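Colleague:
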Amino acid sequence: EYGGFDPIATACAPSKHPSTMDEADKPLVESSDSRVTFSPKDDPLLESEMDGYDVGEAIEAIGFGKFQWRLLIITGGLFMSDGLTMMQLSFLAPAAACTFHLNIAEQALITSIVFIGMFIGSYICGTLSDKLGRRKVFLASSLWVASFGALSGLAPNYGLLLLGQLLVGAGIGGVPVAFSLFTEFLPAESRGQQLVAIQTFWTIGTIGVSLLAWAVMPVLGWRWLLVLSAVPNFVLCSQGCMVPESPRYLGLKGDTQGAMSELEKAAAYNGADLPPGRLRVRAKKEGADEDITVLDLFKHDQAVLTMLIWALWFLVTLLYYGVILLTTEVFQSEDDPVSGCHRMKADDYQDVFITSCAEIPSLVAAVLTVDLLGRRKSLLCSFLGMAGFMLLLILVADSRTGQAVMLFGGRGCANCAFTVIYIGTAEMYPTMYRTTGLGAASAMARIGGFAAPYVAQVMYDAAPTVACLLYTSPSPRDS
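All you need for the numbering used here is the position in the sequence shown, starting with 1, plus 59.
(1) Under DSSP, the alpha helix (DSSP H) around residue 122 begins and ends at which residues?
(2) Roughly how many angstroms lie between the CA atoms of residue 308 and residue 318, to the nearest whole one?
(3) Who are the near neighbours of residue 131 in its chain, counting only those whose CB is closer than 8 Å to its CB and skipping five residues on each side?
(4) With 9 Å set as the bound, which would you pick, yes or no: does the beta-carbon of residue 149 sit closer than that to a beta-carbon of chain D?
(5) Can you say whether residue 345 is buried or exposed, counting buried as having 16 or more other CB atoms within 10 angstroms of its CB?
(6) Am I right that residue 205 and residue 289 are in contact with their C-beta atoms under 8 Å? What's the rounded C-beta distance?
(7) In three-state DSSP terms, what is residue 202?
(8) DSSP state of residue 402, grouped into three classes?
(9) What would DSSP say about residue 526, mapped onto helix, strand or coil?
(10) Using three-state DSSP, classify residue 37 as helix, strand or coil.
(11) Just mark residue 218 as buried or exposed, buried being the case when its beta carbon has 16 or more other beta carbons within 10 Å.
(12) Could you give the distance in angstroms between the alpha-carbon of residue 164 and the alpha-carbon of residue 142?
(13) Quick check on residue 245: does DSSP put it in helix, strand or coil?
(14) Just the C-alpha distance for residue 522 and residue 385, rounded to the nearest angstrom, thanks.
(15) So if DSSP puts residue 308 in a beta bridge, which residue, or which two residues, is it bridged to?
(16) By the 10 Å Cβ neighbour count, where 16 or more other Cβ atoms means buried, how is residue 316 classified, buried or exposed?
(17) Tell me, please, whether the region 503-510 touches the region 372-388 by the rule of three or more beta-carbon pairs shorter than 8 Å.
(18) Tell me which same chain residues have a C-beta within less than 7 Å of the C-beta of residue 419, skipping the five on either side of it?
(19) Mark residue 116 as exposed unless 16 or more other C-beta atoms lie within 10 angstroms of its C-beta, in which case mark it buried.
(20) From what residue to what residue does the alpha helix (DSSP H) around residue 276 run?
(21) Can you list, in chain order, the residues of its chain with a C-beta nearer than 6 Å to that of residue 167? Leave out the 5 residues immediately preceding and following it.
(22) Taking all protein chains shown into account, do 16 or more other C-beta atoms lie within 10 angstroms of the C-beta of residue 301, making it buried, or fewer, making it exposed?
(23) Taking the straight line between their C-alpha atoms, what separation do you get for residue 520 and residue 120?
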C-alpha cells in the first residue's frame, strides 16, 4: 500500500515541459487532492524538445500485458514474504517467551527490535535504490530476509534471536523498493488497479502464515515456523534473472542505452511496438548525480506534505500491528503449569487465522471507499471504524465469539487505512524522489511499529481495558 478504482489523488496540471528544476521537483499531487489522473507527461523525469519519445510515452505504448503480470508476481512475492514475516511475529514472541523464560517486556522486545531494523533498513534501502538501482536492492533485500529469517530459527538463546530479528527487520526495509519498481513499469490507465493487486500479496502472506502456524506451531514449534517462512524468499531469489531494472531510474542516471534495452525487452514480451523515433532523456548536468537525501523531501514547499505523511504512517502502523499482536494476546487460552507462560492451543490458532481473513474484505473496502469518497474520507472512516471496534472489544470481553468479531473488524479497518496511505504516498512524490520518499515514510512508521507491542502486549497484560482505550484515541482529523 488501488484495484478497480482510479488512483487515490487528482493530479495537478503541471506544465508540459518543466522549465526549471524547481518545477520538476514539485510533487505531482497536492495533499488536499482526493484522486489522481495520471498522464505520462506528468512525470518530470524524462523529457525532450526534439523528435522521439520519453520513457513515459514508451510505457504507455507498451501497455499492460504479460510483462507486467510477470513483474506483479515477482514484486508481489516480496510483499507476500514481508507480510508473512511480520505476521509471524505475533506467534514467535509468545512461543519464544516460553522457550527462553522471558518476562512480558523481553517478549515485546522480540517484536520491537524488528521495527528498529526496519527503521534503519527503510531509509538505507530507499536511498541505495535511488543510487544503485531498484533491481540490486530488491534482490539483496529478499536474500537478506530469507537468510537471517532461517538463521533466527536456529538461535540457541534470546540474545542471538534478537540479533537475527534485528537483521531481518533491516532487510524488510527494502520492500518499498519492490513497490517502486512495479509502479515505474505501469501505464497510466492500469496504475490504480495494479497497485491494489500488489497489496493483495501482503494479504496472502499474512493469511498464509496464520494457516502455517495453525499447522506447524502445535506440533513442531516456532523454530520450524521461522525456517519454513524463509522458503518463499529463497524461491524469489532464484528468479533473479527475471527481475528488470527500472527504465525511469536508468533514464534519470543518463543511461539511455540501458533504459532503451529494458523498454525493448518489455515491449517484446508484450508483443508491442515502441513509438517511432529514438528515446530521449534529459542530459545529466554537472553535479546532477548527487544523491537524493531525505532533506530533499522538505524542499520546494513539500515540508508540510512530508510531515503529514510521516504522522499518518506512524499512526496507521501503530494501529495495524497493534491489533495483530493484540489478537494473539486475547487468544492465549492455555497457561503452562510449570513455567507459568501463556501458550496457544489449536483453537487459538484457528481464531487468529479467521481474524487474519479480515484483510480480504478490507482491500475491497479500500477500493470502494477511495473511489467513492477519496483518500481523506477513506482514512477518516477507517480510523473511526477501528475506534468503534476497540470500544466494543472491551464490552464483549467475556465472549470468545464477540472478541473474534471485534478483532476481525478492527483488523479490517486497520488494513484499509494502511492500504490507502501506502498507495497515496507513492503517488505524491515524483520519480526522482519516490523510493526515498517511501523509504523515509516507512522508516518513520517503524516508530509506531516499535511502540505497538508495548501497548498490545505489555500494557494489555497489565491493564487490558486501558490498552484497548488507547487504540480508540488517535484522532483522524489530520488525515
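Each residue gets a CB set at the ideal place from its N, CA and C atoms; glycine is no exception. In this text the structure is predicted, and so the values were computed from the model without any measurement.
Modeller: Per the coordinate set shown:
(1) By 1-based counting over the sequence shown, the position of residue 122 is 63. Looking at the DSSP string, residue 122 is not in any alpha helix (DSSP H), and its letter there is neither H nor E.
(2) For the purposes of this step, residue 308 is taken as the residue at position 249 of the sequence shown. For the purposes of this step, residue 318 is taken as the residue at position 259 of the sequence shown. Going by the C-alpha atoms only, they are around 8 Å apart.
(3) Sequence index remark: in the sequence shown, residue 131 carries index 72 (1-based). Excluding sequence neighbours, residue 131 sits near 241, 253, 256 and 257.
(4) Checking the listed chains, one finds no chain D in this structure; it contains a single protein chain.
(5) Counting from 1 along the sequence shown, the entry for residue 345 is found at position 286. Note that residue 345 scores a pLDDT of 45, beneath 50, so its modelled location is shaky; the value from the coordinates is reported in the next line. Exposed, because fewer than 16 other Cβ atoms sit within 10 Å of the Cβ of residue 345.
(6) Here residue 205 is taken as the residue at index 146 of the sequence shown, counted from 1. Here residue 289 is taken as the residue at index 230 of the sequence shown, counted from 1. Correct: roughly 5 Å between the Cβ atoms.
(7) The residue labelled residue 202 in the question sits at position 143 within the sequence shown. Three-state DSSP puts residue 202 in a helix.
(8) Looking up residue 402 in the sequence shown gives position 343. Residue 402 falls in the strand class under three-state DSSP.
(9) Working through the sequence shown from its first residue, we reach residue 526 at position 467. Helix.
(10) Nothing in the structure corresponds to residue 37, since the chain is present only between 60 and 538.
(11) For the purposes of this step, residue 218 is identified with residue 159 of the sequence shown, where counting begins at 1. Looking at its Cβ environment, which holds fewer than 16 other Cβ atoms inside 10 Å, residue 218 is exposed.
(12) In the sequence shown, counting from the first residue as 1, residue 164 sits at position 105. In the sequence shown, counting from the first residue as 1, residue 142 sits at position 83. Across the structure, residue 164 and residue 142 are spaced so that their CA atoms are roughly 24 Å apart.
(13) By 1-based counting over the sequence shown, the position of residue 245 is 186. Note: residue 245 maps to coil in three-state DSSP.
(14) On the sequence shown, residue 522 is found 463 positions in, with the first residue counted as 1. On the sequence shown, residue 385 is found 326 positions in, with the first residue counted as 1. Their Cα atoms are separated by approximately 13 Å.
(15) Taking the first residue of the sequence shown as 1, we reach residue 308 at position 249. Note: residue 308 sits in no beta bridge, so no partner.
(16) Counting from one through the sequence shown, the residue named residue 316 turns up at place 257. Per the 10 Å Cβ criterion, exposed.
(17) The answer is yes - the region 372-388 touches the region 503-510, with three or more Cβ pairs under 8 Å.
(18) Stepping through the sequence shown from its first residue, residue 419 is reached at position 360. Same-chain partners within the cutoff: 262.
(19) Indexing the sequence shown from 1 puts residue 116 at position 57. It counts as buried.
(20) By 1-based counting over the sequence shown, the position of residue 276 is 217. Membership of residue 276 in any alpha helix (DSSP H) is not indicated, and neither H nor E is assigned to it by DSSP.
(21) Here residue 167 is taken as the residue at index 108 of the sequence shown, counted from 1. Counting only Cβ-Cβ distances below 6 Å, and skipping sequence neighbours, we find 512, 513, 516 and 517.
(22) Within the sequence shown, residue 301 is the residue found at index 242, counting from 1. With fewer than 16 Cβ atoms within 10 Å of its Cβ, residue 301 is classed as exposed.
(23) In the sequence shown, counting from the first residue as 1, residue 520 sits at position 461. In the sequence shown, counting from the first residue as 1, residue 120 sits at position 61. Cα to Cα, the separation comes out at about 57 Å.
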